[in-house]
Each structure stands twice: as structure tokens, then as C-alpha cells.
């Protein structure tokens, strides 16, 4: 059974989704979907712990490049474990924060869409086939659009629709990029493409350059790289709690991983950073994103929107790491991807706990939260510290890696910018903290109700994630060592 | 017959026509129409790749139970890929149209400008309410 | 029991104390007992470590987690300077705790549980800084200290407190994140390690031209050292309750800054590197400027705590000066000054707090004649002032003397700075007890509080006893300075 | 001759694209979009992509158009005049187009048999699939076996679409909100219903179309077609019926709850094959596991079953989507002209749904 794990990670949620449709009973649906996510997590974690040499799984029994290949390396296993874990935590939140109509007889559809989204993301990560990436990208995208639209307010519909339009443009750009590569190489297997790419009559062509541009722009849209980020704030802010925490921790991360693989595996670092000199361009864009995202976050009036803009800034960190075009940069990127996934998911889950306590995520309405829901406020502070990258949190470990990567390549300016922009994080986090602790609660606000006043379904997972972040912050060696070997492999074009 | 690469240019033009409709038009239904034109044109890009001059559809011409010799077939692989792409296209269209219906129900319009304006007004009203209710 | 256990215990006791305080928050007397127990136990652990380090020359080590960052462990090592800093913090903690109980109750403060919890956390962080075996661990606890003291600074939760908190966090986080972290990362990439090692880790790895820049990143990165022009947070932090100002903003927090600078100079750069390259030349001038400017500004402040705050800024710069001189006597003087200034300044703050509790007075101009109502307090104030000025037989005289000796070797001009500064100290400190004892109370103030001037006596006992103890400490340090210097001597030898 | 057809069709397409862009009557635009797809299907045939053409005709010209029209029936049929010239869009499109044209410069010429596309992995399919799979239609072999997992994913996409549309549109219908007032009687589409020719023809055609669908399902191994096309055609027949007799007439034939479950069943059948091969110790979807001693038979069996799954899910999803669109009451009457009561859907004045409180 162990050799089937690569495919089981994906197939378990993918086949549980139709089962949910048959099952329909809300309680059973909830348990089954949680079980499916947990099973997928177990498979992913087992893979992560056991994989040494890359595992190649031949779907349909056809060896690559004839058939589709699933390929598990340390890097993919790391991302798989991350995504499944976060999905499980988000599923604990369940259908809260959705339109009431969803919970009314349609719970099974919500959970089915959730699992499909998960399966799509996982499928993208584990596949070694370029076109298969597109197929699973669309599974996750389509379900995401529907899930986002389940938010409480009508704005969720427009958010989802705009996301759909931009996302489909992005997906189609990816399709064009894959098509052009296919045109020049005659294959769809990623490693096979990479092999062809080293030949001058392929790698030197203008077609490949354009393919590169389309893949980068396509993934850039889905990744919300500045200035292609317009869909993200509304999509994150308006979607139901479980969805925003899930998306924030996984969707952009998986796309980031795809981008990394496109750059480092498909095209190869020497082509991207040597021939095309893409590093400078990406670096400048990243800086703009880091500052634009964080600055915009400072001026938001709603908590979830603030977190969403902060994500845009954090994507800037990720792409900055990639732009170094170095092994250290790859390592820092992978690490920050993980750290930010945990931190941001935790924050969105806290936001969910706050929303269920306060009824809204308007920052104004959080006045005096330090008195009304002290644990929620405290959890937010912890998460915020992780976002800032205060030592002792996972965010610091990855920021440190970023810093080292920047300095190792002599990018002193990047290093300074990195630190300056984390100050902006201080500003937007502390703006909320001040409201929570320094503003008097509204006179009609209910008083603190002790431990029973909390929405433990949300606060519990949030606290667990916070503790995980702090543990990783002071004892990171298991993860950093793992990620370092994964990054080395990835950077050298291994898949 | 070798038509060079001019037909790719036509395909590019069609793709861009679709993309233009998506980006320039403010009506959501129209945007989705643009999107389907865009997607269909990309399908055409792939299918064009699969064409082999003088070829025929990739279905074995059988000669006594085995494939006949000497027949040139066009490439089946792009066709397979594009069957998937068509499905993706119609799936996207369906979900998009579903969203449009909900937007219309919630806002009374499917024009992006109207919707955005309403959102802005609602946000301003909300902020005003808070300012009044607050200390 | 071995030394590693003692390190763990010393670190965990305040942490456990914080937890216990939080859990017993509903019953103030139990809660205060917890604080007292934790502070005494912590002191005991640190004292237990003294013989091994001071007499046997051991350097007890403890690795809590391997690879907190790649190649950087979460590790502790007790060496003389850190031990001294830890001693200062832990000796003064029980005293301050007693004082805090009297003050907080006498002043009817709210949120006392949070106060004591954060206080214990701050001590925990200070001990972490003191025992840190590498820059990574130091940075971790440095930030924990910043964050755990933030709720203390903004304790009142007023708009003023919020503004002060912004300045506090703004300067301390900005400098640490932008400058200190950059400096540490730079060090890591050039030296390949972040461990504190005798003789430094940078020598031979860094071009001479970069030394001043890197030193600058460290000096200003440790914003807690309040080097001008990044000193603004300290006066702002004075909105905190007085015990906070006393222990944290005269002892633990500010000393964490200068301690870090000393430690970096000794164990990261190494005195030789600094002397050879002259990379710390500029820092001497900045320190001198801060000494003089701090003293001048202190003159202009009528608010007692503000005056003390600027005095602190000037006194911290003494230590920075000592570090920048990079001479053995400079380092020893700087180290000694950590202890002597701490005891002296905490006395002054205790007095300021006691005055506030008893008479609700904050401004010096209102304190005429106060000595008659509060003779013990004002007497202690006088003793503390003498120590700060550096008049024998107070501890402060030795540290100034050592610093002057350090400067004598080639930088004699700074002796002049020290002397001028002492004169300024006299000018802004001595008038206060003089007014209190020899001036008649101003009539409008007497009327302002009704017959308050005579209605109140000394502050509550729990306030007065601690300040007497620390005043006695000032005196005691005069006689024990030698032992401290002996403790520190390994820093500059070998 | 082929060139002439290609050029003509391309010319048509360009013209169509421009007209669709300019047309502000959305009803016409959707019809034109359908025609656009149909012409594309023609071009695909010229390019030997018969399966793609088949699907595009059924989906693009059929289902998509119906969906657009259904949406128009629930929304507005006219596009507002734009307020300003979309300079940014022009810029982006020009840039993208230029990039693509630049990219085509190094492409192998159209139809070049030595292009990498033909010499790469595809060569294996073209040359070996008869031996390895044994089906005349190479597309089916690649689709269901070599890249069977892609098709599994594709089925996942379509299933997701069904879930998504149901989530979006089936909520808030009277059946699901017990407290809501009962909907007014659906206004039938009288003038469609009263056309005797349509009624007769639709009734008469139904069995043939359904039969054709089954034929396409079964014949996919040998000629153009397969589960996907069959499913679409099957549903198209039912939709055609529904257009004339109203969705409830179809619902009487294919109950909604049942169809909803069928969407899942198809995907489960496909996945079930995979799980079966997996439990037999082979890779996921390795059909040779089904008949180890004669792998080709295993392939046949596997392909047959998965195609069945595809057919079921596709037709069920399409039907579900049609149901939710067609049975959704129109919320208010547009100030613009009264829409045609297309699809026999309800068209009622201002039914208040849950959305009134959606923003509170």
C-alpha cells in the first residue's frame, strides 16, 4: 500500500467528494470530510517522512513520458504535508461564516467543493506532468470560485466573479505557456521538457521565451503577484471563514510552488536567471508588492481585508526569495512559504473566532476586545508577531533565511528593504492591537463570558497553530534541515 | 500544403479579440463571452499544432483487422488535451454564469460599474453607521 | 545538581512565576506571594551560579534547542558580564517586587495581575539576554523583553500611554529589526557563526572599512541603549507605573541595550580588532555627545521622572563610551557601571514613586519642603544622587574612576567629558534634596491639596523599605566594587 | 481546397469575433458565440480533430449557448454603453498579442510532420496504441488510458462545475427555504408550447437523439465520440425537450435528486476502476490489472467502464446545471424589454428571496 501513497493523497479527497453528494446527511458529511482530509494528511506526512530518492508513480501503469507521472520529492512532500494539514485545520471550522442558505440542506455541496479544492491543489503539487497541472489547477480554481461566493455578504458574489474572470485568464495563460512548450519539445512531462530545454534548438527559441512569459504571467495572476493581485483582497475577505483560512494557507502557496518548479525545473535556473536575467525584474516587482501590499494593509477597515493585503505583501517576500536565483533563495522561499502558510491560516482562523464572537470583522468593532475576548485578542497578537517575524516564531526563522539569502548574494538593498517592509507589518498589526486594547468597548457590548464565551471550534485550531509556529520558531532544525535538502534538489532542477 | 505560420497569427488575433472583450467590456455576461472566445481560440492553437499535412483524423484505418500501412494521421495528443480544455471551458462558463445570476439578484445589475458603485456606497454607509454609533 | 540545571531553573522560575501569578490573579495576596517566591527563588539560582563562574572560572553551558536557526542554537552560557547583569536584575527584582506591591496598592492601579505577569516575563527575558550564548539567542530574548514590557509601558491604557507605547515599540522594534537583525545577519554571513567567543569572531573576516558601519548597526540596533538620537522612547516610557520605570527603565531594559553592546564589543568584535582598526572612534564621540546632551536636557525637565530619564540616557552613554574605548579599563568600568548605576538610579526612581504615592507630586518645583514629611525618602534620594554623580563613598565613584582610567590611554579628552558631566549631574540632582529639606513648601501647593503637605507622611512601608535597601546598596557597592572588577577581569584578559 | 475552406472559416471567425465584441444586444451576442463555436468545430474538422470538433459543436454551440440564454433570461439582455475608451485593455491586448506573434516566429510551420509535437511522445501513441490498447480511435486510447488520469481530472472539473452551480443557484429556491412564500405558478412559455410542429418534432426526435447518444457512447472506441460527447448529446436531447415542455416535464422523466446523485456516481465509477486496479496491486487506472494475462482486454474493459462513468457524470452534471438555471425564478422584471421566457423557466415578478437580508 505504501507505494500507492502518492496517488492516494490526491484520490482520497477527490473520491470522497462524490461520496458526500451521495451521503447528504450534514453530520455524516462533516465527519467524513474531516476523515478524508485527515487520511490525506496522514498519507502526505508519511510520504514526507519516508521519501529519500524521488518517487516516480506511473499513473495508468504507463512510464513517463508516455503516461502521466506523479513525482514525490522532499519538496513536493513538504508542500503536500503543509497543504493537507492546513486543510484539516480549516475543515474544523466547517461551514461557519457561510450564507445561512448553505447550511440549509446544502452542507454536503459545500464540503464536497472544499475537498475538490483540496484535491486540485494536491494534484498540482504532486504531478510531474505539465498538462495535468492545468487540469488540477482548474479543479481547485472552479471549486474556489464557488466557495468564495458562499460568503455572508453579497460582495462575495462579485469577489468570486472577478476572481473567476482573472483566474481563468491566468489559467488560460498557463495553458498557452504549456502549449508553446509542448510545441517546441513534443512532450508534457516536466522532466522531459527540462531535458529538451537544454538543447539549443529548443532553449534558444523565441517561442520558449514567450512560453516562459505566459507561464509566469499566468501563475503570477493566480499567485497575486503585484500588480496582478486585484482579485485577492475581496476573495479572501468575503469568503467564509473556513475558505479564507484554507485559501490563505494553501492556494497561493501551491501556485508559488508551481512557479518555483516552472522556473527551476522546466526552464532551469541558468536559463531564467542567466539567459533571461529575470531575477532583477522579479526582484523589483517583489519589492513593489511587499511595500504596496503592506501599505495598503495599513489602511484597511476590515480585519480579513487587512490580512488579505498582508498576504500580497508576503507574496512579495516569496517572489523576492525566488528572484535571487540561488539555492539559499530557494530554501528561504520554501521555508517562508511554510511559515507564512501556518501564520496566515492561524490569523484567519482567529479572525473567524473573532467574527463569531463580535459578529463582524470591522476593525472599529474590535474596540476593547482585549477585555471582551482576551484569548482571541491575545491569539491575534501572537499571530501578528509571527507575521512581523519576531524571533521565537516560525516567521522569524524564514525571515532570517531570506535575509541570509539576500546577504549571501550581496543584495544589501534587498535585505534592507526586507527589514523595512517588516516594519510596515508592525504598523498594520499594531493598529489592530491598539484598537483591541486601548479603545473602550462599546457600551452595549456583552461583557467577558469566561472560557465558555469563546467559539472554541475556531479558537482551538488557532491556538494549536500558534503554538506550532512558536515551537518552530525556537526549534526549527527538523524543518529547516528538511527544507534545505528539498531546496537543494529543487534548485538543481530535480523534481 | 504548408501554410507556414500565418494561421497561428489568425489564432492569436482571435485570442486577443476574446481577451479584449474580457478586459474592456464592463458587462459581466459579455466578459464571459469574451472568455469563451479566448478559450476556444487557445484550443485552436493546440489543434493547429496537431495537424500533419496530408494527414487524416487519428482513427486507424483498418485493413482486415489491422491498421492499414502508409496512412498519415494527424496527431491525437493535442486533441486529447483539448477535449479536456473544452470541458474546462464549459465548466468555467457554467460557474461564471451562475455567479452572474447571483450578482444580478443581489445588485439588480450585471454591469461592473454599477456593482462597484453600489459596493462603494454600501461601504461608505457602513462606515458612517459606525462613526455615529461609536463613542 | 549541576550548573546547567541552575541555568534552566533560573530561566524557568520567572516564567513559572508569571504563570502562577496569572493563575492566582483573583487573590491578590496569594498572587503577591507568588511574585515574591519567584523573585527570591530566581535570585537563589543566580547566586548559586556565582561561585562556579567567579571563583572556579567555569563557563556553564546549556543548549536548549539545537538549530533554532540553521547553525544557531538556542543556547546559554554564563560568563562574567552576563552573570553581573543577571545578578543586578535578580537582586533588584525582589526589592522592586516589594516596592511594586506597595506602590500599586497605594496608587490604586488596575490590572495588577497583568502587571505582575509581564514583570516576571520581562525578568525572564532579561535573564535570557544575560545568559545568551550567541547573538541569535540574545536577539530572541531582546525582542521578548521589548514585547513583554510594552503592556507595562502602556499600563494605564490612556491615549498618552498609547502614544508612548507607539514611540516605545516604534523605536525599539525598528532599530532591532532593521539594524540589529541586519547586523546579526551580516555577522553570520561574514563570520559563519554567531557564538560569543573570547577575542571575538569577526577578526580576519571583515575589512577594516566595514567595522565602523557594522559597529554602528549594533550600537543603534540596540535601541535600548538609548544612544542619541534614538533615545526618545525612554522619556516616553516614563508614563509607566514607577516600579516599571525603576526596574526596567533604569535597570533591566536599558541595561540590556548597553549590555548587548558591551557583549558585542568584547565577544563579537574583540577589543583588538576595534583598537587596530579604530572602528569605534566615532562611537566615543557619539557617546560623549549623548552624555552631555542628556545631562543638559535633564536640567530643563521639571518632571522628576523625565529628569531621571534623561539622566539615565546620559549614564547609559558612559557604558557605551567604555565599550567604544575598547580598553581593558573602559570595559571594566562600563561593566561596573551597569551595577553601580542600576542601584543608584533605582533608588532615585523608588523615591520618585514614593513621592508620587504619598503626595501625588510629579514636578520638582512642587517638592519644596517635602523632606520634612518624607525624610527617609529624600535622604535615600540624596544617597542615590551622590552615587550617580560619583562621589565617594558611593559605588558610582569607582565606575567613573575606571572609565576615566580607560579614557586616559590615548583619549584623555573624554576624561574632560566625564568631569563636565559629573558637574552637570550635581547641577540637576542635588538641588532636589536641597529644596526638599531646606526650602519652605510653596503656599499655593499647600493650599492646592488642602493641608495635604502635612497630612501625608512617608509612603507605605513597602515603598520605603526597598528604597532604603537600595540606598544602602549604593554605599555597599563602594566596598564591593573590587570583587565585581575581579569577576569581570577575565573579559579583558587572555 | 482545404486552404480555401480554412481561409474562409478563419475569415468568418474574425468577423464573428469583432461583431460579438461590438454587439450590445446580448441575446444576439450569445447566438453569435454559439455560431462562433460551430465554425470553430468546422475548422477543427478540417484540422483532422474530429473528436474535438464533435465536442466543441455539442458543448460550445449547444450547452454553452443554452447556458448563456438561460442567464440572459434571469438577467438583462442589453449591455450598457461603455463610458470611456478602454485604453489599458487595448494596451495589454496589443502587448500580449505582439508577444505571441513574436513567439510564433520560431514555431515549426503548420502541418510540418517533423515538428517536435509529432516526433515526441505522440509518436508512441500513434505507432504503438494499436498494439498496446487495440482501439481504432487513437484519441480514445490516449484519453482513457495513456492520459486516463487527465480525463479523471477532467471529470473532476465537470463534477466541480456541477457542485459549484448547485451551490450557487439551487440555494434559495422554494424547496430549500421552507419559510418562503410558495412561488407563483410558473408562467409557461405559451407561444413556444403552442407551436404544434415543434411539439411534434421534439417528441418524435427524442428517442432518436437518445439512441444516438448511446451509440456515441459505445462507438467512441471506433470513431469520433465517447462518454463525454455522448453525455452532452444525451442531455442536449433532454434540454431540447425541456425547452418546449418545461423543465418539470424533464424532471418527471429524470428526477432531480436522482440526477444529482448520478453526478457523483459517474465520478465514483471512474475512480472505482482506479481503486480496483490499485487494490489489484497495480498503479491507479492501470487497466491491464483487470486482465493480467491479456492486458489488451483489460484495457478494453477499463476504457469501457471509465467512458461509462464519464458519460453518466457529464450528462448528469449538464442536466443539473440546466435544472438549476431553468427552475430559478427571476427576481424582478428588468426595466428593459421583457425577456423571452426561454427554457420554459419561471418568470415572475419580484419574488423576495433570502438575499434581501444578505447585506444586513
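Residue numbers (the numbering used here), protein chains in the order written: chain A, 1 to 495; chain B, 1001 to 1135; chain C, 2001 to 2494; chain D, 3001 to 3360.
The beta carbon of each residue, even a glycine, is placed where N, CA and C say it ideally should be.
Taking C-alpha positions only, residue 3287 of chain D is separated from residue 3277 of chain D by approximately 7 Å. Exclusion of the five residues before and after residue 8 of chain A leaves 43 as the residues of its chain whose Cβ lies within less than 7 Å of its Cβ.
Among the residues facing chain C, residue 476 of chain A is included, as its CB has a counterpart in that chain under 9 Å away.
Residue C:2355 holds the alpha-carbon nearest to the alpha-carbon of residue 2379 of chain C among C:2245, C:2355 and C:2366. A direct Cα-to-Cα measurement between residue 3032 of chain D and residue 3325 of chain D gives close to 21 Å. If only uninterrupted beta strand (DSSP E) runs of at least 3 residues are considered, none is enclosed by the region 2198 to 2239 of chain C. A Cβ-Cβ distance of about 42 Å is found for the pair residue 2147 of chain C and residue 133 of chain A, leaving them out of contact under the 8 Å criterion. With respect to residue 80 of chain A, residue 126 of chain A sits close: the two C-beta atoms are nearer than 9 Å. Within 9 Å of the CB of residue 169 of chain A, the CB atoms of chain B belong to 1019, 1022, 1023, 1035 and 1038, in sequence order along the chain. In chain order, 328 place their CB closer than 6 Å to the CB of residue 408 of chain A, counting only its own chain and leaving out the 5 sequence neighbours on each side.
In the three-state DSSP reduction, residue 2073 of chain C falls in the strand class (E or B). Nearest to residue 3140 of chain D by alpha-carbon distance, out of D:3226, D:3152 and D:3123, is D:3226. Against residue 3037 of chain D, the close residues of chain B are 1040, in the order they occur along the chain (beta-carbon pairs closer than 7 Å). Chain B has a Cβ within less than 9 Å of the Cβ of residue 145 of chain A. When Cβ-Cβ separations below 9 Å define contact, residue 3304 of chain D makes no contact with chain A. Taking C-beta atoms as the reference points, residue 2225 of chain C and residue 2219 of chain C count as a pair closer than 9 Å.
DSSP places residue 2153 of chain C in the helix class (H, G or I) of the three-state scheme. Per the DSSP secondary-structure output, residue 58 of chain A pairs in a beta bridge with A:69. Partner residues in the beta bridge of residue 2062 of chain C, as assigned by DSSP, are C:2076.
A straight-line Cα-Cα distance of about 42 Å links residue 2488 of chain C and residue 331 of chain A. Closer than 7 Å at the C-beta level to chain A, one finds these residues of the region 2166 to 2193 of chain C: 2169, 2173, 2174, 2177, 2178, 2181, 2182, 2185, 2186, 2188 and 2189.
Interface criterion met: the Cβ of residue 185 of chain A is under 9 Å from a Cβ in chain D. Looking at the DSSP output, residue 1111 of chain B shares a beta bridge with B:1027. A residue is called buried when at least 16 other Cβ atoms come within 10 angstroms of its Cβ; residue 363 of chain A meets this threshold and is buried. In terms of Cβ geometry, residue 2127 of chain C and residue 2090 of chain C form a close pair [threshold 9 Å]. Taking a cut-off of 8 Å for Cβ pairs, the region 3055 to 3064 of chain D and the region 1074 to 1087 of chain B touch, as three or more such pairs fall below it. Residue 2458 of chain C and residue 2377 of chain C have their alpha carbons spaced roughly 7 Å apart.
Burial check for residue 281 of chain A: the Cβ neighbour count within 10 Å stays below 16, so the residue is exposed. Taking 8 Å as the upper bound for CB-CB distance, residue 2385 of chain C and residue 2433 of chain C are in contact here, some 7 Å apart. Residues of the region 53 to 64 of chain A with a Cβ closer than 8 Å to any Cβ of chain D, in chain order: 57, 58, 59, 60, 61 and 62. The way I'd put it, the region 2082 to 2100 of chain C does touch the region 2328 to 2343 of chain C; three or more beta-carbon pairs between them come closer than 8 Å. Restricted to the region 2110 to 2185 of chain C, the alpha helix (DSSP H) segments that are unbroken, complete and at least 4 residues in length are 2112 to 2131, 2135 to 2153 and 2159 to 2174, listed in chain order.
Within chain A, the residues whose beta carbon sits less than 8 Å from that of residue 3157 of chain D are 135, 138, 139 and 142, listed in sequence order. DSSP, read as helix, strand or coil, puts residue 3169 of chain D in helix.
Nearest CB-CB separation between residue 209 of chain A and chain D: below the 9 Å threshold.
In this structure, DSSP gives residue 151 of chain A an extended state, which the three-state scheme calls strand.
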